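Undergrad: The structure under discussion is supplied below as structure tokens; questions concerning it will follow.
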Amino acid sequence: MIRLNDLKISYRIGGRTVDAVDGVTLIIPDNCVVGIAGESGSGKSTLMKAIYGDIQSPMSISRGSIEYGLTGSDGKPVTAENVRKEWFKTISYIPQSSMNSLNPVIRIREQFIDFPGTDSNKKRVLERARAYIGKLGLPPEAMDSYPHQLSGGMRQRMMIALATFFQPELIIADEPTTALDVVVQKDILMLLMELQEEMGNTILVVSHDMGVHYQVTQKMLIMYAGRVVEYGDTDSVFSDPQHAYTKMLIDSLPTIGDDSMRGVIASQAGGGGDRTFAVEPTLIEVKPGHFVAQPARQRQGELA
Amino acid sequence: MTLILKTEGLNKTYRLGGIVNAKQIQALNDVNITVESDKPVVIAIVGESGSGKTTLAKTLLRLETPTSGRAMVYDTVVAGRGAIPSKKDFLGLVQPIFQNPFEAFSRYRPVDIYLEETARRVAGMDGPQAEAAVEEALRSVGLKYEEVRGKYTAQFSGGELQRISVARALIPKPKLIVADEPVSMVDASRRMIIINLFKRLRDEAGRSFVYITHDLATAYYISDFIAVMNKGRVVEFGPARQVMSDPQHDYTRLLLSSIPTTTSRWRERRKVVAEPA
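Quick note, the sequences are listed as chains A and B, same order. Start counting at 1 in the first sequence, then tack on 21, and there's your number in my numbering. Start counting at 1 in the second sequence, then tack on 377, and there's your number in my numbering.
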């Protein structure tokens with residue numbers, strides 16, 4: 022279980038401070054897939070980076086804390102201070118456009134050996150890695166290739182293989198399928214779901230695509246302008262969205278078989294404009310496990 | 378009925394590798410599409426990466442020469458045998474919109490220069506005329522000239538810049554606009570602004586579009602006709618609603634079943650048991 026306590030993350034740019042994430046308090050349970058949605062600039066990626074422990078200038082945590090509730094590879098609890106040592110082992114990250122994140126000038130097998138803290142016996146590691154990528158639907162020869170020799174879908178599978186090789190407790194996947202075609206995207210998402218069920222760990226999936234969220238996640242987190250505006254079980258969020266912004270995200274995209282006009286509200290509500298909150302958006306539990314920021318205001322048809 | 382787009386036996390072969398053991402790749406394999414309509418239309422070309430949809434767009438835009446066959450736009454041959462020789466006439470008839478607007482314009486020149494140059498060189502306007510045309514084009518995509526003048530690409534968001542590329546394409550009043558993945562680089566929450574803009578330009582300004590995409594949901598939303606491509610061939614072609622509601626080809630069915638919808642799940646998801654806080 023991961024607990025975020027009143028987390029505020031700021032960037033210092035040229036003497037000016039921008040709060041990318043502000044006042045986020047929430048609990049992420051174990052053994053589930055949590056989806057994070059929201060437009061560009063809503064703070065999704067910043068929040069993921071902070072949970073991953075990749076906090077570097079100009080980014081900093083200016084208030085609040087992250088409690089991991091995870092046990093590291095050395096048996097000690099993971100904290101914000103030692104999280105970097107647990108990268109790939111207890112917590113791993115599948116970055117945005119990750120199919121381009123493999124080192125282009127070295128063979129894939131070298132990238133497996135390069136892992137921090139890998140078994141010193143390279144041969145044994147490679148044997149295990151070869152068997153593992155086979156399980157993920159990749160030919161064993163793919164280990165001996167350079168990244169450019171593999172298709173986009175294969176590279177993405179390889180990234181997932183690298184990220185899950187040590188069976189981490191937590192995986193953060195930032196837009197894991199954005200650059201892929203629908204057919205390949207479905208394969209990759211099915212693979213992620215299978216792996217999660219097998220490992221029983223937690224996966225945080227950032228995506229723009231509400232369809233992807235509905236297919237993959239069990240809990241949904243909706244962010245807007247650095248705040249969490251809605252958080253609850255995916256079924257509940259989709260069947261009964263509480264916040265105007267969540268409704269807009271679900272309704273704005275076209276669906277096959279539905280000819281109604283789409284995206285009209287999106288261009289008004291999401292089109293930049295005033296992104297400040299008139300009243301502090303505090304999360305209120307409207308149904309068991311389903312939280313929303315200020316339901317009273319959004320019922321008047323305004324964006325909180 | 379007006380002939381909007383017609384391709385006749387369009388083939389394109391790329392050679393890969395050395396002189397001795399070159400490999401041939403058939404990017405377009407006997408593509409035959411005929412679109413006739415009384416009103417302007419949106420024609421969607423869908424398919425996976427490597428299906429040949431971008432090669433088809435490039436052929437229509439004369440960025441690639443077909444190995445054989447030809448393409449016609451509004452009764453004018455634009456590619457292959459007998460194609461109109463004048464580049465200026467061609468650009469007055471067919472205009473492109475590319476995937477990445479940050480690459481379509483140089484980083485080192487103000488973007489409005491491109492609009493003005495299109496007005497001068499392609500539409501043959503003089504100074505004041507060109508300025509008026511740029512202003513009108515920007516207004517039709519919901520932007521003001523003052524907001525754009527003298528600014529560089531880095532000062533716009535992807536969505537704004539893509540609207541500027543649409544405005545640029547509109548200046549010579551082309552009959553057909555070929556848009557290759559126009560929204561894939563645009564923030565998802567802003568994509569529908571561009572898509573709705575195409576719809577409006579079709580209905581109000583009388584422009585036809587070839588919309589190349591791998592997003593079947595938006596293709597369904599704006600298209601009148603749809604061509605499904607796989608491995609260089611058009612495997613299914615017809616009125617968009619008919620093709621999407623009653624797909625005949627297995628590949629079309631595969632594409633449709635792979636779309637992540639918010640109505641039915643591929644796989645059952647276990648409910649997470651709430652833990653005590």
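Backbone N, C-alpha and C define an ideal beta-carbon position, used for all residues, glycine too. Note that the coordinates shown come from a computational prediction; the quantities given were computed from them, not determined experimentally.
Residue 33/A by DSSP, collapsed to three states: which one?
TA: Residue numbering aside, residue 33/A sits at position 12 when the first sequence is read from its first letter. Strand, per DSSP.
Undergrad: Taking Cβ positions, are residue 210/A and residue 227/A nearer each other than 8 Å?
TA: For the purposes of this step, residue 210/A is taken as residue 189 along the first sequence, with counting starting at 1. For the purposes of this step, residue 227/A is taken as residue 206 along the first sequence, with counting starting at 1. No.
Undergrad: From the DSSP output, in three-state form, read off residue 185/A for me.
TA: For this step, residue 185/A is matched to residue 164 along the first sequence. Correct three-state label for residue 185/A: helix.
Undergrad: For residue 76/A and residue 394/B, what's the separation of their Cα atoms in angstroms?
TA: The sequence position of residue 76/A within the first sequence is 55, counting from 1. The sequence position of residue 394/B within the second sequence is 17, counting from 1. The alpha-carbon atoms of residue 76/A and residue 394/B are separated by roughly 45 Å.
Undergrad: Taking all protein chains shown into account, decide if residue 217/A is buried (16 or more other Cβ within 10 angstroms of its Cβ) or exposed.
TA: By 1-based counting over the first sequence, the position of residue 217/A is 196. Residue 217/A is buried by the Cβ-count criterion.
Undergrad: Can you tell me the Cα-Cα spacing of residue 44/A and residue 82/A, whole angstroms?
TA: As a first step, residue 44/A must be located in the first sequence, where it is residue number 23. As a first step, residue 82/A must be located in the first sequence, where it is residue number 61. Rounded to whole angstroms, residue 44/A to residue 82/A spans 11 Å at the Cα level.
Undergrad: For residue 127/A, list the residues DSSP reports as bridge partners.
TA: As a position in the first sequence, residue 127/A is number 106, starting the count at 1. None, per the DSSP bridge assignment.
Undergrad: Taking only beta-carbon positions, decide if residue 597/B is within less than 8 Å of chain A.
TA: Position 220 of the second sequence holds residue 597/B. For residue 597/B, the answer is yes, since a Cβ of chain A falls inside 8 Å of its Cβ.
Undergrad: Does the distance from the CB of residue 113/A to the CB of residue 49/A come in under 8 Å?
TA: Walking along the first sequence from the start, residue 113/A turns up at place 92. Walking along the first sequence from the start, residue 49/A turns up at place 28. Here residue 113/A is not near residue 49/A, since their CB atoms are 8 Å or more apart.
Undergrad: Look at the Cβ atom of residue 500/B, then the Cβ atom of residue 548/B, and state whether they are nearer than 8 Å.
TA: Within the second sequence, residue 500/B is the residue found at index 123, counting from 1. Within the second sequence, residue 548/B is the residue found at index 171, counting from 1. Against a cut-off of 8 Å, the Cβ pair of residue 548/B and residue 500/B comes out as a contact.
Undergrad: Which residue marks the beginning of the beta strand (DSSP E) containing residue 113/A, and which one marks its end?
TA: As a working mapping, residue 113/A is identified with position 92 in the first sequence. Residues 112 to 115.
Undergrad: If you drop the 5 nearest sequence neighbours on each side, which residues of the same chain put their C-beta closer than 7 Å to that of residue 90/A?
TA: The residue given as residue 90/A occupies position 69 in the first sequence. Within the same chain, residue 90/A has close Cβ partners 22, 23 and 24.
Undergrad: Exposed or buried, residue 575/B, counting other C-beta atoms within 10 Å across all chains shown (16 or more means buried)?
TA: The count along the second sequence starts at 1 and reaches residue 575/B at position 198. Buried, since its Cβ has 16 or more Cβ neighbours within 10 Å.
Undergrad: At the level of alpha carbons, what is the spacing between residue 486/B and residue 526/B?
TA: Indexing the second sequence from 1 puts residue 486/B at position 109. Indexing the second sequence from 1 puts residue 526/B at position 149. Separation of residue 486/B and residue 526/B (C-alpha to C-alpha, rounded to the nearest whole angstrom) is 11 Å.
Undergrad: Report yes if the C-beta distance between residue 474/B and residue 602/B is below 8 Å; otherwise report no.
TA: If you number the second sequence from 1, residue 474/B lands on position 97. If you number the second sequence from 1, residue 602/B lands on position 225. No, Cβ-Cβ distance for residue 474/B and residue 602/B is not below 8 Å.
Undergrad: Taking Cβ-Cβ distances shorter than 7 Å, what residues in chain B pair up with residue 158/A?
TA: In the first sequence, counting from the first residue as 1, residue 158/A sits at position 137. Neighbours of residue 158/A on chain B: none; closest Cβ ~16 Å, over 7 Å.
Undergrad: Just the chain B side, please: which residues come within less than 7 Å of residue 229/A by C-beta, in chain order?
TA: As a position in the first sequence, residue 229/A is number 208, starting the count at 1. The answer, in chain order, is 565.
Undergrad: Output, in chain order, the set of chain A residues within a Cβ distance shorter than 9 Å of residue 433/B.
TA: Here the question's residue 433/B lines up with position 56 in the second sequence. Close to residue 433/B, with beta-carbon spacing below 9 Å, lies no residue of chain A; the smallest spacing is near 16 Å.
Undergrad: Looking at the secondary structure, which residues open and close the beta strand (DSSP E) in which residue 306/A lies?
TA: Position 285 of the first sequence, counted from the first residue, corresponds to residue 306/A. First-last of the beta strand (DSSP E) with residue 306/A: 304 to 308.
Undergrad: When the Cα atoms are used, what is the spatial distance from residue 537/B to residue 614/B?
TA: Working through the second sequence from its first residue, we reach residue 537/B at position 160. Working through the second sequence from its first residue, we reach residue 614/B at position 237. Residue 537/B and residue 614/B: Cα-Cα distance of roughly 33 Å.
Undergrad: Counting only beta-carbon atoms, is residue 60/A nearer than 8 Å to chain B?
TA: On the first sequence, position 39 is the one that residue 60/A refers to. It does; some Cβ of chain B falls within 8 Å.
Undergrad: Count the other CB atoms within 10 Å of the CB of residue 630/B; is the residue buried (16 or more) or exposed (fewer)?
TA: Here residue 630/B is taken as the residue at index 253 of the second sequence, counted from 1. Counting Cβ neighbours within 10 Å, residue 630/B comes out exposed, since fewer than 16 surround it.
Undergrad: So who's on the other strand from residue 212/A, going by DSSP bridges?
TA: Along the first sequence, one-based indexing puts residue 212/A at 191. Answer is none; residue 212/A lacks a bridge partner.
Undergrad: Helix, strand or coil: how does DSSP classify residue 26/A here?
TA: Translated into the one-based positions of the first sequence, residue 26/A becomes position 5. It is a strand residue.
Undergrad: Compile a chain-ordered list of the residues in the region 260 to 285 of chain A whose CB is closer than 9 Å to at least one CB of chain B.
TA: Taking 9 Å as the Cβ-Cβ cut-off against chain B, the residues of the region 260 to 285 of chain A that qualify are 269, 270, 271, 273, 274, 275, 276, 277, 278, 279, 280, 282, 283, 284 and 285.
Undergrad: Determine the direct distance from the alpha carbon of residue 522/B to that of residue 600/B, and round the result to whole angstroms.
TA: In the second sequence, the residue the question calls residue 600/B occupies position 223. In the second sequence, the residue the question calls residue 522/B occupies position 145. About 30 Å.
Undergrad: Could you pull the start and end residues of the beta strand (DSSP E) that residue 595/B belongs to?
TA: For the purposes of this step, residue 595/B is taken as residue 218 along the second sequence, with counting starting at 1. The continuous stretches of beta strand (DSSP E) do not include residue 595/B, which lies in the alpha helix (DSSP H) extending over residues 593 to 599.
Undergrad: How many angstroms separate the CA atom of residue 529/B from the CA atom of residue 381/B?
TA: Taking the second sequence and counting its residues from 1, one reaches residue 529/B at position 152. Taking the second sequence and counting its residues from 1, one reaches residue 381/B at position 4. If you take the alpha carbons of residue 529/B and residue 381/B, they lie about 36 Å apart.
Undergrad: Using CA coordinates, which residue listed in 552/B, 551/B and 540/B is at the minimum distance from residue 572/B?
TA: Taking the second sequence and counting its residues from 1, one reaches residue 572/B at position 195. Comparing alpha-carbon positions, the option among 552/B, 551/B and 540/B lying closest to residue 572/B turns out to be 540/B.
Undergrad: Suppose you measure from the CA of residue 70/A to the CA of residue 86/A; what does that come to, to the nearest Å?
TA: Walking along the first sequence from the start, residue 70/A turns up at place 49. Walking along the first sequence from the start, residue 86/A turns up at place 65. Using only the alpha carbons, I get a separation of about 14 Å.
Undergrad: From residue 122/A to residue 550/B, what distance separates their C-alpha atoms?
TA: Position 101 of the first sequence holds residue 122/A. Position 173 of the second sequence holds residue 550/B. Their backbone Cα atoms lie some 42 Å apart in a straight line.
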